[in-house]
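K.L.:
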Amino acid sequence: MLEIYNSISKNDPEIKKIRSKTVSEILSVRKLRNEKRKEAGKLINKVKSVIGVEGGSTDLNKEADELNEESKEILKSNKGHISDLTYKLQQEREKSKQEEIFNKNYSELEDAIGSFFKSKSYPGWPNDIPPEIVNGITSKKKIIESALHNERYISKTLFNLIKLAKFRNGEVPLFAASCLNDELELIKEKIKTKDGALNGGPVAAIKFMIEYGSEEQRANGVEAVQNYLDCDAIENGLNHEYTSTRYVSDESANTVGTSKISMELVLNHGTDLQKAQIEEMVRKNLNDTFFRNDLLGYLCSSRNKNSEKLGRLFVKEIVEVYGLNFDNIYKSWKSDFGNVESNVPYNIQAIAKLEKIKPGITKVLNEEFGIKFFDRYPVEMLIEQYENRDNLEIPYGIIILPEADHNYSFARNEYLINNIRKQLGDEYTIRATECRSVHDVVRSLIKFNKRYNPNDEEERKISFAIIGGHGETDSISFGYLYGGNLKKSYLTGTGLTKLGGYFKKDCTIILDSCSTGAPNGIAHFLSEKIGVRVIAPDTDSGPTRINAKIINGKPEFEVAFRGARTKEYLSGKDIDNS
């Protein structure tokens, strides 16, 4: 019997478990049998000692016979049990062999799919590729069908078919599309798993059918959304994503993003009741910080009109509670291409934090200083700017940041700003503003001068400035619209001389802008035209350190840029820092 056990693969945990249990049961039976045999032997010897060889007690003989029969029954029963276990082990071994064969065939299918995508270099792809590559996929029809009816493989297989079918031309894409079409009923039924969790593969297949399928497939996809996608399951999936310590990645379970995709499918193709349920679900969870922040960012960044509209609706409700002009502020968040998914949640979070400390602060900072991206700055600095907004006595420096920030660079400098604020202490304050064009920059400088230096006094002029913007050697970008770039060619005429007069003569301007410190670049030119110290990087880089200290009553700065030389120009002269 043990030979049978040892012939089973020890690598399969299920077979190993059954084997261990069986061996344990067999040993227990053998032990019991031996004990019964010993007990029967003792009784026989006892009978012999009492009745002798001629005969004896009928009762004792009967008891011995009964015990002997009981022992036989136990052995017979155990023999049947062992036989059942052996049969079960044989079945498991056969199942294991079949799975081994299936896994091998499925691996060959995946290799064939990989070869298909590698063959993109062939002329006429995907219509005309080597026959062996086509056959490597189309000959696996039965494997695909089996995989689609296997909980372990359904999602992986659907995702593979979707990748193939998206090309829509050629034998392989048409084959993949037909496989999806043949399994429409299964896909609809499998949108949800048994426990109610959304199933990633089938949801993706429905999305594919609606976006890329034939007219019939699209109709089937819409029907599946309306009759099979459950809003409670979507909410449960979102809650799972926002509360679990890790995302579920099992192919048969709820995959990352499936809940969001399902939500968008409902918003675009669901019934009016379903759409209302989704809207109510989002509204109900707006008090949950993680849920609100991530979901609103996702909706607002969606290319789908209905999803973006719903996200915009809730953002409007939130910011207008604080008296902010939604159209003005959302336009800036949205026009910052590629970052709206981050802009919405991070700024809503920053606004809520500020308002909790100083109710009404964000409306003032927005209207009086043009700040829209509240997440860029230390909370303490903005509160200080708000509280000192009418203080004409304290010396100050300015930060001018652009609305255009395609790679979110200027949202990562909060620690640099906070470091400067702490190093300057109470002797200087910092006032920030944001601009989307050169005209905005000019207006902001005029506004600062008019507000804080009404009598044109040297001591009330701007003491230092940090100007941020995505840069090149001879320009700084503040916005994406026409007029968003400050070019070196603009730095001429009496207008520039007048603007230069808003800065103290010993002012330092730091350009947080790539390559602007290169020889004959905009930093060099700006320094020459307005006669101040200008610090900037000579190549593409951002600051890693800005140290400030007050010497003889004025702020001095030491700046280091990541992977670039720090260039300093004073009244047009290059100060060598090497």
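Residue -3 is where the sequence shown starts when you use the numbering used here, and the numbers rise one by one after that. The C-beta atom is built at its ideal place from N, Cα and C for all residues, glycine as well. Fair warning: this is a prediction, and the values are worked out from it, not measured in the lab.
1. Excluding the 5 residues flanking S135 on each side, which residues of the same chain have their C-beta closer than 7 Å to its C-beta?
2. So within the segment 331 to 404, which uninterrupted beta strand (DSSP E) runs reach at least 3 residues, ignoring any that extend past its ends?
3. Kindly indicate which three-state DSSP category P198 falls into: helix, strand or coil?
4. Given a cut-off of 7 Å on the beta-carbon distance, is the pair G464 and D508 in contact?
5. So what does DSSP say about D502, is it helix, strand or coil?
6. How long is the line joining the alpha carbons of E276 and N165, rounded to whole angstroms?
7. Would a C-beta distance cut-off of 7 Å place K484 and F444 closer than the cut-off?
8. On the CB-based measure, 16 or more other CB atoms within 10 Å of its CB, does G421 come out buried or exposed?
9. Below 8 Å CB to CB, which residues in the same chain sit around L261 once its five sequence neighbours on both sides are set aside?
10. Please state the DSSP three-state secondary structure of P551.
11. Our contact map puts P539 next to A514 with C-beta atoms below 8 Å; I'd like the distance itself, whole angstroms only.
12. Find out if the Cβ-Cβ distance for the pair T583, I396 is shorter than 7 Å.
13. When you compare each of R279, E423, E128 to K547 by their alpha carbons, which one comes out closest?
14. CB-CB under 6 Å to S471, same chain, minus the five flanking residues each way: which ones, in chain order?
15. Thinking just about the alpha-carbon of each residue, which of S523, P551, N543 is nearest to the one in G568?
16. Quick one: what's got a C-beta closer than 8 Å to N223's C-beta in the same chain, skipping five residues either side?
17. Who pairs with S473 in a beta bridge, going by DSSP?
18. Between D290, V434, E231, G196, which lies nearest to T254 when the distance is taken from Cα to Cα?
19. Looking at the structure shown, is F158 part of a helix, part of a strand, or coil, going by DSSP?
20. Where does T512 land, buried or exposed, given buried means 16+ other C-beta within 10 angstroms?
21. Roughly how many angstroms lie between the CA atoms of S20 and N30, to the nearest whole one?
22. Closer than 7 Å by C-beta to N449: which residues in its own chain qualify, once you throw out the five before and the five after it? Chain order, please.
23. Taking the beta strand (DSSP E) that I426 falls in, what are its first and last residues?
24. For E237, does the count of other Cβ atoms within 10 angstroms reach 16, so buried, or fall short, so exposed?
25. With a 10 Å radius around its C-beta and 16 neighbouring C-beta atoms as the bar for buried, classify F499 as buried or exposed.
26. Using a 10 Å radius around the Cβ and a threshold of 16 neighbouring Cβ atoms, would you call V437 buried or exposed?
27. Does the distance from the C-beta atom of V530 to that of C503 stay below 7 Å?
28. For E147, name the three-state secondary structure that DSSP assigns.
29. Grab the span of the alpha helix (DSSP H) containing T285 for me, first residue to last.
30. Thinking C-beta only, is N177 closer than 7 Å to I139?
31. Find the nearest neighbour of L492 within the set T425, R439, E468, judged by alpha-carbon distance.
32. Taking C-beta to C-beta, are I347 and F370 nearer than 7 Å?
33. DSSP on A173, reduced to helix/strand/coil?
34. Based on Cα-Cα distance, which residue from C510, N339, G497 lies nearest to R558?
35. Would you tell me roughly how many angstroms separate the C-alpha atoms of G293 and C227, rounded to the nearest one?
36. Taking only runs that begin and end inside the segment 513 to 547, name each unbroken beta strand (DSSP E) of 3 or more residues, in chain order.
P.N.:
Taking the structure as given:
1. For this step, residue 135 is matched to residue 139 along the sequence shown. So the list is empty, once near-sequence residues are dropped.
2. 392 to 398
3. The residue given as residue 198 occupies position 202 in the sequence shown. The answer is helix: DSSP assigns P198 an H, G or I state.
4. Numbered from its first residue, the sequence shown carries residue 464 at position 468. Numbered from its first residue, the sequence shown carries residue 508 at position 512. Cβ distance < 7 Å, so G464 and D508 count as in contact.
5. For the purposes of this step, residue 502 is taken as the residue at position 506 of the sequence shown. Note: D502 maps to strand in three-state DSSP.
6. To locate residue 276, count along the sequence shown from 1; it is residue 280. To locate residue 165, count along the sequence shown from 1; it is residue 169. Distance between the alpha carbons of E276 and N165 is about 42 Å.
7. For this step, residue 484 is matched to residue 488 along the sequence shown. For this step, residue 444 is matched to residue 448 along the sequence shown. In this structure, F444 does not lie closer than 7 Å to K484 by Cβ.
8. Translated into the one-based positions of the sequence shown, residue 421 becomes position 425. Exposed is the call here.
9. Position 265 of the sequence shown, counted from the start, is the residue given in the question as residue 261. These residues qualify, in order along the chain: V199, I202, K203, I206, V221, L225.
10. Locating residue 551 in the sequence shown gives position 555, counting from the first residue. In the structure shown, P551 sits in a strand (DSSP, three-state: E or B).
11. Indexing the sequence shown from 1 puts residue 539 at position 543. Indexing the sequence shown from 1 puts residue 514 at position 518. Their Cβ separation, rounded to whole angstroms, is 16 Å, which puts P539 and A514 out of contact at 8 Å.
12. Outside the shown range of the chain (-3 to 574) lies residue 583, about which nothing can therefore be said.
13. Position 551 of the sequence shown, counted from the first residue, corresponds to residue 547. The question names Lys, but residue 547 is Ile in the sequence shown. Cα-wise, what sits closest to I547 is E423.
14. Counting from 1 along the sequence shown, the entry for residue 471 is found at position 475. Excluding residues within five positions, the ones whose Cβ falls inside 6 Å are N481, K483.
15. Start at 1 with the first residue of the sequence shown, and residue 568 comes out as number 572. Nearest of S523, P551, N543 to G568, Cα basis: S523.
16. One-based indexing of the sequence shown puts residue 223 at position 227. Result list for N223: K184, in chain order.
17. Numbered from 1 along the sequence shown, position 477 holds the residue referred to as residue 473. Note: S473 sits in a beta bridge opposite H466, N481.
18. The count along the sequence shown starts at 1 and reaches residue 254 at position 258. Checking every option, the nearest Cα to that of T254 belongs to G196.
19. Counting from one through the sequence shown, the residue named residue 158 turns up at place 162. The amino acid occupying residue 158 in the given sequence is Ile; Phe does not appear at that position. Helix, per DSSP.
20. For the purposes of this step, residue 512 is taken as residue 516 along the sequence shown, with counting starting at 1. With 16 or more Cβ atoms within 10 Å of its Cβ, T512 is classed as buried.
21. Taking the first residue of the sequence shown as position 1, residue 20 is located at position 24. Taking the first residue of the sequence shown as position 1, residue 30 is located at position 34. Going from the Cα of S20 to the Cα of N30 covers about 16 Å.
22. Within the sequence shown, residue 449 is the residue found at index 453, counting from 1. Excluding sequence neighbours, N449 sits near R456, K457.
23. Locating residue 426 in the sequence shown gives position 430, counting from the first residue. Looking at the DSSP string, the run of the beta strand (DSSP E) that includes I426 is 425 to 431.
24. Walking along the sequence shown from the start, residue 237 turns up at place 241. Result: buried.
25. For the purposes of this step, residue 499 is taken as residue 503 along the sequence shown, with counting starting at 1. So F499 ends up on the buried side.
26. Numbered from its first residue, the sequence shown carries residue 437 at position 441. So V437 ends up on the buried side.
27. In the sequence shown, counting from the first residue as 1, residue 530 sits at position 534. In the sequence shown, counting from the first residue as 1, residue 503 sits at position 507. Cβ atoms of V530 and C503: not closer than 7 Å.
28. Here residue 147 is taken as the residue at index 151 of the sequence shown, counted from 1. In the structure shown, E147 sits in coil (DSSP, three-state: anything other than H, G, I, E or B).
29. Position 289 of the sequence shown holds residue 285. 285 to 296 is the extent of the alpha helix (DSSP H) around T285.
30. For this step, residue 139 is matched to residue 143 along the sequence shown. For this step, residue 177 is matched to residue 181 along the sequence shown. Contact: no.
31. Residue 492 sits at position 496 when you count from the first residue of the sequence shown. Closest option to L492, Cα to Cα, is R439.
32. As a position in the sequence shown, residue 347 is number 351, starting the count at 1. As a position in the sequence shown, residue 370 is number 374, starting the count at 1. Contact flag set, yes.
33. On the sequence shown, residue 173 is found 177 positions in, with the first residue counted as 1. In the structure shown, A173 sits in a helix (DSSP, three-state: H, G or I).
34. In the sequence shown, counting from the first residue as 1, residue 558 sits at position 562. Nearest option by C-alpha distance: C510.
35. Taking the first residue of the sequence shown as position 1, residue 293 is located at position 297. Taking the first residue of the sequence shown as position 1, residue 227 is located at position 231. Their backbone Cα atoms lie some 20 Å apart in a straight line.
36. 529 to 533, 539 to 547
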